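**Q**
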Ligand SMILES: C[S@@+](CC[C@H](N)C(=O)[O-])C[C@H]1O[C@@H](n2cnc3c(N)ncnc32)[C@H](O)[C@@H]1O
Ligand code: SF4
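In our numbering, the protein residues as written are 143 to 524.
(1) Do residue 269 and ligand 1 come close, with the Cβ less than 7 Å from some heavy atom?
(2) For the beta strand (DSSP E) holding residue 303, just list the boundary residues, first then last.
(3) Can you list, in chain order, the residues of its chain with a C-beta nearer than 8 Å to that of residue 463? Leave out the 5 residues immediately preceding and following it.
(4) Using beta-carbon positions only, say whether residue 149 and residue 226 come within less than 8 Å of one another.
(5) Taking residue 208 as part of the alpha helix (DSSP H), name the residues at either end of that continuous run.
(6) Which residues bound the alpha helix (DSSP H) around residue 277?
(7) Quick one: using the 10 Å Cβ neighbour count with 16 as the cut-off for buried, is residue 277 buried or exposed?
(8) Within this structure, are the beta carbons of residue 427 and residue 454 separated by less than 8 Å?
(9) Taking the DSSP output, what are the residues bridged to residue 409?
(10) Report yes or no: do three or more beta-carbon pairs, one from the stretch 313-325 and one from the stretch 277-287, lie closer than 8 Å?
(11) Using only alpha-carbon positions, find the residue among 333, 325, 357 and 324 that is nearest to residue 340.
(12) Closer than 7 Å to a non-hydrogen atom of ligand 1 - does that hold for the CB of residue 305?
(13) Per DSSP, which residues does residue 430 bridge with? Please list them.
(14) Excluding the 5 residues preceding and the 5 following residue 504 in the sequence, name in chain order all residues of the same chain whose CB lies nearer than 6 Å to its CB.
(15) Below 7 Å, is the gap between the Cβ of residue 209 and the nearest heavy atom of ligand 2?
(16) Please report the Cβ distance between residue 202 and residue 151, rounded to the nearest whole angstrom; I am assuming they are in contact, meaning their Cβ atoms lie under 8 Å.
(17) Of the choices 221, 423 and 403, whose alpha-carbon is the least far from that of residue 469?
(18) For ligand 2, is there a heavy atom less than 7 Å away from the beta-carbon of residue 519?
(19) Does the distance from the C-beta atom of residue 188 to that of residue 438 stay below 8 Å?
(20) If I measure Cβ to Cβ from residue 204 and keep anything under 6 Å in the same chain, skipping five residues before and after, which residues do I get?
(21) Here's the rule I'm using: 16 or more other beta-carbon atoms within 10 Å means buried, otherwise exposed. How should residue 291 be labelled?
(22) Hey, out of 200, 211 and 366, whose CA is closest to residue 157's CA?
(23) Between residue 149 and ligand 2, is there a pair consisting of the residue's CB and a ligand heavy atom that are separated by less than 7 Å?
(24) Within 10 angstroms of its Cβ, does residue 242 collect 16 or more other Cβ (buried), or is it exposed?
(25) Any idea what DSSP makes of residue 176, helix, strand or coil?
(26) Let me confirm a value: residue 385 is counted as buried when at least 16 other C-beta atoms fall within 10 Å, else exposed. Which label applies?
(27) To the nearest whole angstrom, what separates the beta carbons of residue 295 and residue 266, a pair I think is in contact under 8 Å?
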């Protein structure tokens, strides 16, 4: 008998010690609201139980404790959430369990407790190894703390990824290239998520840029920095298996990222968490209520934290498959894109310009194509 289809689980922990000026995730200051947090864990368990009734049997391939700052949560709460996911679905032999962590939460005993809770992959928000850059980013740690956190992470977990942010104002390609190489040499991660600094509406950075205090990188510099990131990481043995994610070999690719890239289902619990669930053959989109109090009330009243669980039509499903698939080296199978009006002439034109490739029934974006992915998807789906 074949294994049931794969599913990932995303768990959103919204609390942070400090809110970073660039961040537009669904986050709250952690003010030690222990009762609310303990209730949230119970509600997330109930929410997952409700979603497991909808999905039926599945093979659990990834659990991702994201945020916010889930490394602030009590390890026993993480254990309860991981245990719940393992109980509700059938864990794959190589189940990946990731914890996002801020360097300030790195302590040997704490990391050991998270590992005992089932976490086998740490994703550390290093962002930069330069104190001035960390200060600009409003981080509550310096480069020394980030280095110590990475060392403790390597000791406690078999797999370690670091997040880095580039395209800071005035950051030249030379400077970023040197920073990136130093980070790879010093931190020895198996996986790097390299993000261009985004100035998102509603953030303190957006207000600062609006007041003319500083200017973000212009598109040409941002494109140069992106290209340099791909080249330097490639030369150091990291394959760019996803537009912002680089792994040292296939085994180091994040299964969590591949769930999105492959258009697989994921359950989601916690304030503002997004889910994709196939229920009786129809793909549904769910989004958790964003405020913890509303999320708790919703789970208390209906057993579900979703604001709505809506069926996606076949075209929306195919469009999402295209956009997320082309972010990865795996691309998307053409038969899953059949509901899009993919025009053979447009496809031929894009392949001639070496922006996409069709091989073995799959459409992929070339490295050149990934540089202009938004435009590419718009042309393909027009
Ligand atoms: C949601 S955060 C969680 C990690 C953890 N709270 C931390 O900050 O270390 C995940 C990652 O998203 C990235 N990120 C968040 N906002 C960003 C932005 N505006 N531009 C670029 N990267 C961003 C950061 O690299 C961050 O580590
Ligand atoms: S970047 Fe991380 S620590 Fe900073 S506010 Fe966002 S989630 Fe919280």
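Ideal Cβ placement from N, Cα and C applies to all residues, glycine included. In this text the structure is predicted, and so the values were computed from the model without any measurement.
**A** With the given structure in hand:
(1) Yes, ligand 1 has a heavy atom inside 7 Å of this Cβ.
(2) 301-308 is the span of the beta strand (DSSP E), which, as asked, contains residue 303.
(3) So the list reads 405, 474, 478 and 479, once near-sequence residues are dropped.
(4) For residue 149 and residue 226, no; Cβs fall outside 8 Å.
(5) Note, residue 208: premise wrong, no alpha helix (DSSP H); beta strand (DSSP E) at 201-209.
(6) Annotation for residue 277: the continuous alpha helix (DSSP H) segment containing it runs 273-278.
(7) Taking all protein chains in view, the Cβ of residue 277 is surrounded by fewer than 16 other Cβ atoms within 10 Å, so the residue is classified as exposed.
(8) Yes; because the gap between Cβ atoms is below 8 Å, this pair is in contact.
(9) In DSSP, residue 409 forms a bridge with 151.
(10) Too few Cβ pairs lie closer than 8 Å, so no.
(11) Checking every option, the nearest Cα to that of residue 340 belongs to 357.
(12) Taking 7 Å as the cut-off, the C-beta of residue 305 counts as close to a heavy atom of ligand 1.
(13) The beta-bridge partner set that DSSP reports for residue 430 consists of 448.
(14) The answer, listed in chain order, is 473 and 475.
(15) For residue 209, the shortest separation between its Cβ and any heavy atom of ligand 2 lies below 7 Å.
(16) For residue 202 against residue 151, the beta-carbon gap comes to about 7 Å, under 8 Å, which counts as contact.
(17) Of the candidates 221, 423 and 403, the residue whose Cα lies closest to the Cα of residue 469 is 403.
(18) No.
(19) For residue 188 and residue 438, no; Cβs fall outside 8 Å.
(20) These residues qualify, in order along the chain: 150, 238, 397, 398 and 401.
(21) With 16 or more other Cβ atoms from the protein chains shown falling within 10 Å of its own Cβ, residue 291 counts as buried.
(22) Ranking the options by Cα distance to residue 157, first place goes to 211.
(23) The answer is no for residue 149.
(24) Buried, since its Cβ has 16 or more Cβ neighbours within 10 Å.
(25) Residue 176 falls in the helix class under three-state DSSP.
(26) Counting Cβ neighbours within 10 Å, residue 385 comes out buried, since at least 16 surround it.
(27) Yes, residue 295 and residue 266 are in contact; Cβ-Cβ is about 6 Å, under 8 Å.
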